[in-house]
Each structure stands twice: as structure tokens, then as C-alpha cells.
Amino acid sequence: MVHRWKQLKSIKRGHFRIFDVTEDFYQHPGVPGQRSYFVMRTSAWVTVLALTAAKEVILVRQFRPGVGQVRLELPGGVIDPGEDPATAAARELREETGYVGDPPVLLGTVEPNPALQDNLCHAFLIDNARQTHPQDPDPDEIIEVECLPLADVTQAMNDGRLPHGLHQLAVLRYLLLQRDRS
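First residue of the sequence shown? That's 5 in my numbering, and the numbers climb one at a time after it.
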């Protein structure tokens, strides 16, 4: 019964630089009439768990307007149109931190919030990260780079210093992968 939703139409309600908003109309035989839902249509994202040879995690500290505060996070960002997610992961790491490393390895892909958004977030591992370039952030980004041992990153997740759910998920997927390999 749950699979019987039928989309009737989608109307673009606005464009807001990095996302569009549509109002999507659906009908279901078990619900009278039609229902409308607002959806954010946006590009896919990448997040990067970059580890140095000493197994330190490369982190960024930057302002996040959604919460109006500076946050400690993994590097990451928007995948450019036509760009491969792995290429975007390496690019974002280099732009935000000046670090490069081994080819990106996919840790997993998730839907950040399928109730409201249509995009995906791809989490990548980049091993043997080393700083080879100056930072080259976007014009509206002011980023500080930090390196923490992996154990300190998990502590930062527990004590609220690393609150971004998608970034915590990348770390957890890496830890599960390591557990499964041993």
C-alpha cells in the first residue's frame, strides 16, 4: 500500500543560488485528494575523511550560517555539474586544506534528508594526506585547518565539538570498515 504514491505535478517555487524549491503534488488511493510537499532540489555533496600517514584526521573549522556559529568539520562541499564524486572529494580536500593524498575510496553514499531534499552525500576516505599546496577556498570561505588523532575525533563527536551528522557518519563508516577488516 505504501508504494502507491503517484506524482501528479511539480512546480518550481523558487531559485536560491545553491538550491531550488519545488512544490510536488502527489496522490495516494488511501488518502483523499492530493497532497503537496516542498522539496529542496540541490547538487550532490562530498565529505572527506582524510588521514595523514600518522593517522591524524584533517579537519576544517569554518562558519556555518545555518547555526550562526563556527563548526569543526571534515572537508567537503558541492559536486560541480558533471564532476565525478571522487574527483570532487580530492578537489574539495585540496581547496579547503591544501592537502592531497591517495585516490579517494568511497565509504558510502547517503540521502541527507529525503523528507525535504533530493540530493546525495558521498563520503570518501583519502589516505596518506599531506599538505602540498596553499589553501584555495571559495571566496566566501574562511577556513582554519586542524589535525587531530582519530581517537580525539571520536571524542569530539561524543562531546559535541564535531556535531555534523553527515561527517560523523563518514567517521563511523570508516571505523566499521576497519573493524570488519580485522
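Beta carbons are placed, not taken as given, at the ideal position from N, Cα and C, and that holds for glycine.
Taking the DSSP output, what are the residues bridged to residue i?
i	result
S47	Note: S47 sits in no beta bridge, so no partner.
H32	V35
V61	L55, L152
I15	E27
L76	R65
G81	V50
S40	F29
State the CB to CB distance for the pair residue i and residue j, rounded to an integer number of angstroms; the pair is presumed to be in contact (CB under 8 Å).
i	j	result
Y103	A57	Y103 to A57, Cβ: 12 Å. No contact.
L111	L181	7 Å
P108	A93	4 Å
T101	Q139	6 Å
A174	L53	5 Å
V6	T26	Actually they do not touch by this definition, with Cβ atoms about 22 Å apart.
V71	W49	About 17 Å; that fails the 8 Å criterion.
E99	P141	6 Å
Around the C-beta of residue i, are 16 or more other C-beta atoms found within 10 angstroms, so that it is buried, or is it exposed?
i	result
P79	buried
I22	exposed
Y223	No information on residue 223 is available, as it lies outside the stretch 5 to 186 that the chain covers here.
E115	exposed
T51	buried
G105	buried
L120	exposed
R183	exposed
V157	buried
A155	exposed
R17	exposed
R95	buried
Contained beta strand (DSSP E) runs [length at least 3] in the stretch 87 to 128, N- to C-terminal order: 109 to 114
Identify every run of the beta strand (DSSP E) within the stretch 128 to 179, keeping only runs that are complete inside it and at least 3 residues long; order them along the chain. 148 to 153
The stretch 122 to 131 in contact with the stretch 166 to 184 per 3-pair CB rule at 8 Å: yes
Could you tell me whether the stretch 82 to 90 touches the stretch 5 to 20, using the rule of 3 or more Cβ pairs below 8 Å? no
Touch test, the stretch 145 to 153 against the stretch 49 to 67, Cβ-Cβ under 8 Å, three pairs minimum: yes
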